[in-house]
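Scroll down for the structure; my scribbles are underneath it.
There are 6 protein chains.
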Amino acid sequence: MFFHVKELQYNAKPDRSDPVYAKKLQEILGGQFGEISVMMQYLFQGWNCRADQKYRDMLLDIGTEEIAHVEMLATMIAQLLDKAPIEEQEQMAKDPVIGAVMGGMNPQHAIVGGLGAKPDDSVGYPWTARYTIASGNLLADFRANLNAESQGRLQAVRLYEMTDDKGVRDMLSFLIARDTMHQNQWLAAIQELEEREGVVVPSTFNREYEKQEVSYSFMDCSKGTESQSGRWASGTSMDGKGNFEYVGEPEAMGQKPVLKPAPPYVHGTMPADGASLLEH
Amino acid sequence: MFFHVKELQYNAKPDRSDPVYAKKLQEILGGQFGEISVMMQYLFQGWNCRADQKYRDMLLDIGTEEIAHVEMLATMIAQLLDKAPIEEQEQMAKDPVIGAVMGGMNPQHAIVGGLGAKPDDSVGYPWTARYTIASGNLLADFRANLNAESQGRLQAVRLYEMTDDKGVRDMLSFLIARDTMHQNQWLAAIQELEEREGVVVPSTFNREYEKQEVSYSFMDCSKGTESQSGRWASGTSMDGKGNFEYVGEPEAMGQKPVLKPAPPYVHGTMPADGASLLEH
Amino acid sequence: MFFHVKELQYNAKPDRSDPVYAKKLQEILGGQFGEISVMMQYLFQGWNCRADQKYRDMLLDIGTEEIAHVEMLATMIAQLLDKAPIEEQEQMAKDPVIGAVMGGMNPQHAIVGGLGAKPDDSVGYPWTARYTIASGNLLADFRANLNAESQGRLQAVRLYEMTDDKGVRDMLSFLIARDTMHQNQWLAAIQELEEREGVVVPSTFNREYEKQEVSYSFMDCSKGTESQSGRWASGTSMDGKGNFEYVGEPEAMGQKPVLKPAPPYVHGTMPADGASLLEH
Amino acid sequence: MFFHVKELQYNAKPDRSDPVYAKKLQEILGGQFGEISVMMQYLFQGWNCRADQKYRDMLLDIGTEEIAHVEMLATMIAQLLDKAPIEEQEQMAKDPVIGAVMGGMNPQHAIVGGLGAKPDDSVGYPWTARYTIASGNLLADFRANLNAESQGRLQAVRLYEMTDDKGVRDMLSFLIARDTMHQNQWLAAIQELEEREGVVVPSTFNREYEKQEVSYSFMDCSKGTESQSGRWASGTSMDGKGNFEYVGEPEAMGQKPVLKPAPPYVHGTMPADGASLLEH
Amino acid sequence: MFFHVKELQYNAKPDRSDPVYAKKLQEILGGQFGEISVMMQYLFQGWNCRADQKYRDMLLDIGTEEIAHVEMLATMIAQLLDKAPIEEQEQMAKDPVIGAVMGGMNPQHAIVGGLGAKPDDSVGYPWTARYTIASGNLLADFRANLNAESQGRLQAVRLYEMTDDKGVRDMLSFLIARDTMHQNQWLAAIQELEEREGVVVPSTFNREYEKQEVSYSFMDCSKGTESQSGRWASGTSMDGKGNFEYVGEPEAMGQKPVLKPAPPYVHGTMPADGASLLEH
Amino acid sequence: MFFHVKELQYNAKPDRSDPVYAKKLQEILGGQFGEISVMMQYLFQGWNCRADQKYRDMLLDIGTEEIAHVEMLATMIAQLLDKAPIEEQEQMAKDPVIGAVMGGMNPQHAIVGGLGAKPDDSVGYPWTARYTIASGNLLADFRANLNAESQGRLQAVRLYEMTDDKGVRDMLSFLIARDTMHQNQWLAAIQELEEREGVVVPSTFNREYEKQEVSYSFMDCSKGTESQSGRWASGTSMDGKGNFEYVGEPEAMGQKPVLKPAPPYVHGTMPADGASLLEH
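Chains as they are written, first to last, in the numbering used here: chain A, 888 to 1167; chain B, 888 to 1167; chain C, 888 to 1167; chain D, 888 to 1167; chain E, 888 to 1167; chain F, 888 to 1167.
So this is what it looks like as structure tokens:
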């Protein structure tokens, strides 16, 4: 169960309204790697957690914090939209400053949201649950989380560079710091699990059932050999169980596929010479 | 530019048709972490690559290999659908075996695809480009790739357990082995980049601009202290630049937000006592 | 069955072309609460109607009228796009008026639609059937309809404020008036059904099967007691069957959830100390 | 900012696992009118609220409660999936009970989620933010909320009828009771606002600017006159400002639209006889 | 403007209810090539039509007819859902016939739709406007229409084979016949336009501006020469303006791309040796 | 299996960066009829092909070529984004040229993609697999392909008109020429199949099972008789098996639908006078 306090986790007060920037800031609210994504991802990973209680607890700790980040961003965006000049189209087009604002503003901020934040990204695409994953395998999922925090901090940093509003930058300096922590956090949790289970997910699958001849081959399917100089093409593999091998001219090992004609009730195209072969 | 050879990278021949399993196998073809996702993700990361040529080359190597994996899965699914019994609904409902098949088959495999594979997942949801990321920051993106290969191998393993068809298992044993390689590959590439840049993405943002007081604090926003026992709550941080601190009772540091009334032309709800305050 | 006459239900003639406004106007054509949404919602509610014929007839009356509204908006948008200046990018960027137009225009209006309306909203997101509902319970659905007409009129009014084109305003004055009627209409129909069935949907569920202790409690899960002063926190409930009760400190009444470890074939993360407990 | 306690708001413990029912129950978790929808809708309405503080506070009270409902449903679904028999496809198809389970289960519950809940609906479609609205006009939005709670209670009741699991029914009896409260709550809040502002949204638009001739006309665009007998076709209008009028044979009042040929750079089809007319 | 009559264009009465088939039939109602798609596509093509009035009129004729087809299918599906056995899950699982029904039914037909049709396809995916096109170039669009009617008739025929319900087959025999007409109709309209404009869309682009060396080359990018024996690899081109040429070993004609490093404010990965080269 | 060479199929080098045009060019990369669509459509049609090997081979030839087109466009877009001026918002708003750029640029190109191409269209909507079709009936699918190449060439031509960058135009001149070839190619393949099978898809359905009375009737459901003058309204039908007939006043041939009340467990609205009639 959840409880709310009125104060924000950190300040979210812009110096001035800026509807064009409000549109951009939506990316880290409702985008692919925005705060809604990590909030939902961590909460579902926590609720579904069948492993040690410390992981469940930790996931709910951070998932709950992320709701507060969503709140900060929504609050910031609403203020950036204050008094957005949505009237008088024609006049605006003549004033380059206002014209640029009009062109760059998300029209739904005015028409749909009445100057409020939306659970959408910076092009107005709505947040979708397909951005998230909770697989039941924590090592896999913590890698998803590390990725989300890496992309998220990268985007927050880019947005920091796109404004000189001190209030916005103050809020972003907090979110960026939390992303620093969260990258560190997932790295720590991953290290724990990798020490326990090994680095290949899932660790519980019997390796005899995989085709081990190709488990450590780097296959160069693209002309040029620059890729041969990477760590992935030679030396001990990262799981310590093999040696990377560089395969410069990988060959096809499978069949040349020929599909049977479709049964007549499918009304697909039959081969010109194939009707008589049809088993039905 | 690309070229194709007729042979598959590896065998994709089932022992028998199995339309219910065909539906499930769609997950690793057109699902969130299926082969289309990694194919498109690696190709776009490669095409957009502004870093060392060895990364660009490597990304195109593996991206090109993934097209072959998409091809194998599509070929397998088409064969699993051979002679799917789509006729005579009523009679089937009376035969439990066929009835289960009917109930469990993806109806679009028959109606739309004419017994062919679709670029969709196991519930019929179409593949979407929002599954992929190419950010221009390779460390961030390689974490995305490591995650994709971890989720992908996990799903392939689960699908391996759901069938006893030797042909299907043979193909999966190859894909699972390649996922072993690809997890190792991204781990190796990540190690290279982390050694060069440090572990926090992006490494080029001036740390003075982030609110460093909270860069290493684990905030426990959920009752219970189980999470305190994790690696993330004490000791040196993973980036080596701080110490993890456990904050058992995190406090709100921000304002209690009060938004201004909306301007009249928005026709939002005005506060009962606020009309006179409105600056317009 | 349906028939069409060439004349529009009302005038849809702008004074001048205005491609930026055309983009905005798409919101009430193909947006969440646009005319396509109400058209499809009313028609499906009508076609699926299992209740009194007068409701079915009324739903098809208004659903059919809404097709005419879609037609008016599409016609208007096509005219607003007349002669949109899509050529000569560079020169435009130098002319602030044209530059603002270029920046603010929906590029698909030119590239995809050839200066025609699209079944999309003001950020270019395509209309989706998930905007609509036809539940078979008319009281529930008429509330959906009342909401749609409320949001729709609000958006039309906002769009009215964003232009001074007399032709556009003339058309909007008609649509706004129809929305006035349609809000009145659904309020009337709701009143009829509430009098017949009561206000809680669905009325036919045996109230003994619901946990009546909490059927009239306002639970304050957020700090601050401002919400206590609302009508919802005291007095007779709106259905007349209880009294609103304000619960200032709601307590958790449920279990502390602990999920069982996953079976091995799922390859999820097992608790460090839990493997031996596993029933399989 | 938000905090979490470990206990659920109410019990969420099924008597036995039931993966087919788990799939269905997803509807009120991640469906169009599921708990994620109301949670996000109320939180965003609260965060964006520019009206009286009591509304903001109330919205955050209930939005915060809804997070707890999401938690209960996710927890329930994970337990319903306990030990789902995902192995050994062929054998299952022969056992009608297990076969029905296999056919009816959401394959992603096993393959993607590892026996955990997903933020999707009962057909596996992911939750999308386009299900929600926060318009800044509270009367409009409270009608959306009333609708959501009406559809939500209807769906919960239908799901109640589809199971005889006592644990599931116990949880649903709580959620149904809360939906009773929430319908009452929005009805109360709506009544307050309607008394203050009138029933037509938005109340602040100057009625002289709408085409009042058609503001109270019921237009019968569909053959048959059953609809004439409804409250909406005669008597005083619900806003008390007009009289409903029944228009049996509504007539087109607009122009017969003729669009200009497209400019040549659009490469649309030109009228056969129209090239010479083209102004360019 | 539009009008409705109560009678359906043709009979839509099943012999018996069949909820599994109802799910499948959704494909041609709300699927990619279902009746909603053609209805919306033809209406928007008509409303946006800037060419000869006979095309506009014809598009609205057929678009209006398609609304009637949507109506027939919705009506049929609602009846196929009559008395769907949604109760008593456990007992059903034990009865193979009912179990198959349960497994195969769309759960939203019961939970969301209350035994009504939905604007979705056979896997429950909602209809989306991105299925449609109205480009302003009629020859292009009529090819889209011909495709839609071809795919649509194919799907209707497959659905015909999947049932032996005489009522359903009667309705499908009508829709299939109309699809015969509509394929003929678009073929006729295409012939008219091709005679007027030539076969390559758009006909108005100056051919000197295209790279004519490759305008008639069939490039064989895939091993094997089977494709050489097709009409497309030799002889006069279909537009009569060139000769098909078979290129067995196509060569790359473009540059080897090297992208510049990103500017620092993007925080992308810099080449290891490239920092000094950066122009900023 | 697939292989890659570093050189592009043709040049993709702009004269200068142009982030606004980059946004527009996304349409033919990741839009409904962009290169990703044809790439995926042709590859899946090839992989699923159950007809003559020459069709399978040809589909993979062209599908493989299309991957190279995706590569060219991605490369071009990345270069158009070089040094996009994403900083210093305020100053830009004051400079009309830069302001127009800012307003017109896709914000995700900077925030998400780090100045790289995205698999999205010109309004930022992600590519979705529902754009493609592979039905198993090649005549149907080749019509889809002809449509895709027609819409695609039309869009490329429109984009050609929107720039005067010689490098961009050079690349487009190549893509436009290939679209000329591909339209010719599908026309040739369609001609082959139509000669073999007839023009109505599918050709294998027994025509006695369709309602032949309406197989050649043009039904005029829209007032006005302009449509009567088209080729589709008189003369021999295109399949040579009937005569087009113009039906000026089409009549409803079906029943007036009345649906049964829903069973009580659905909790739909019952007719006021219908409860007693209910069979349950």
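Built from N, CA and C at the ideal position, the CB exists for glycine as well. Just so you know, these numbers come straight off a predicted model, no measurement behind them.
Could you tell me whether any Cβ in chain E is nearer than 9 angstroms to the Cβ of residue i?
i	result
Leu1059 of chain D	no
Among the options, whose alpha-carbon lies nearest the alpha-carbon of residue i?
i	options	result
Ala1159 of chain C	A:Gly1141, A:Glu1138 and A:Glu1079	A:Glu1079
Lys1098 of chain E	F:Phe1061, F:Cys1108 and F:Gly1155	F:Phe1061
Asp1007 of chain B	B:Glu922, B:Asn898, B:Asp1126 and B:Asp905	B:Glu922
Leu1252 of chain B	A:Arg943, A:Leu967, A:Tyr1018 and A:Glu1113	Coverage of chain B is limited to positions 888 through 1167, which leaves residue 1252 of chain B absent and any answer about it impossible.
Arg1118 of chain D	C:Met1049, C:Lys941, C:Leu916 and C:Gln928	C:Lys941
Ile964 of chain F	F:Lys910, F:Pro1148 and F:Phe1131	F:Lys910
Lys1110 of chain D	F:Ala1139, F:Phe889 and F:Gly1127	F:Ala1139
Leu1002 of chain B	F:Trp1073, F:Asp1028 and F:Ala1021	F:Ala1021
Val1145 of chain A	B:Met1157, B:Val1055 and B:Asp969	B:Asp969
For residue i, go through chain F and note every residue whose CB falls closer than 8 angstroms to its CB, in chain order.
i	result
Gly1006 of chain B	The amino acid at residue 1006 of chain B is misidentified as Gly; the sequence shows Pro. Per Cβ cutoff of 8 angstroms: Met927, Phe931, Ala1016 and Thr1019.
For a cutoff of 9 angstroms on Cβ pairs, would you count residue i as touching chain B?
i	result
Ser1109 of chain E	yes
Ser924 of chain D	no
Ala1159 of chain E	yes
Tyr1012 of chain D	yes
Determine whether the Cβ of residue i lies closer than 9 angstroms to any Cβ atom of chain A.
i	result
Tyr1096 of chain F	no
Arg1045 of chain E	yes
Pro994 of chain F	yes
Leu912 of chain E	no
Gly991 of chain C	yes
Should residue i be labelled buried (16 or more other beta-carbon atoms within 10 Å of its own) or exposed?
i	result
Thr1123 of chain A	exposed
Lys1053 of chain E	exposed
Glu914 of chain E	buried
I'd like to know whether the C-beta of residue i is nearer than 9 angstroms to at least one C-beta of chain F.
i	result
Thr1050 of chain E	no
Gly1000 of chain B	yes
Gln1187 of chain A	Nothing about residue 1187 of chain A can be reported from this structure: the residues present for chain A run from 888 to 1167 only.
Would residue i count as contacting chain D if we go by Cβ distances under 9 angstroms?
i	result
His1154 of chain F	yes
Thr951 of chain E	no
Pro906 of chain A	no
How about residue i: is its C-beta nearer than 9 angstroms to some C-beta of chain C?
i	result
Leu848 of chain B	Residue 848 of chain B lies beyond the stretch modelled for chain B, which goes from 888 to 1167, so this question has no answer here.
Pro901 of chain F	no
Glu894 of chain E	yes
Could you tell me which chain C residues have their CB closer than 7 angstroms to the CB of residue i, listed as they occur along the chain?
i	result
Tyr897 of chain D	Met1140 and Gly1141
What does residue i touch in chain E if you count any residue whose Cβ is under 7 angstroms from its own?
i	result
Met888 of chain B	Ala1139
Which bits of chain A does residue i rub up against, with CB to CB less than 7 angstroms?
i	result
Arg937 of chain F	Leu1146, Lys1147, Pro1148, Ala1149 and Gly1155
Quick one: list the residues of chain C neighbouring residue i, beta-carbon separation under 8 angstroms, in chain order.
i	result
Ala997 of chain A	Arg1045 and Met1049
| said: Please give the ranges of any beta strand (DSSP E) in the stretch 1086-1135 of chain B, keeping only runs that are unbroken, at least 3 residues long and fully inside the region. | reply: 1104-1106 and 1132-1134
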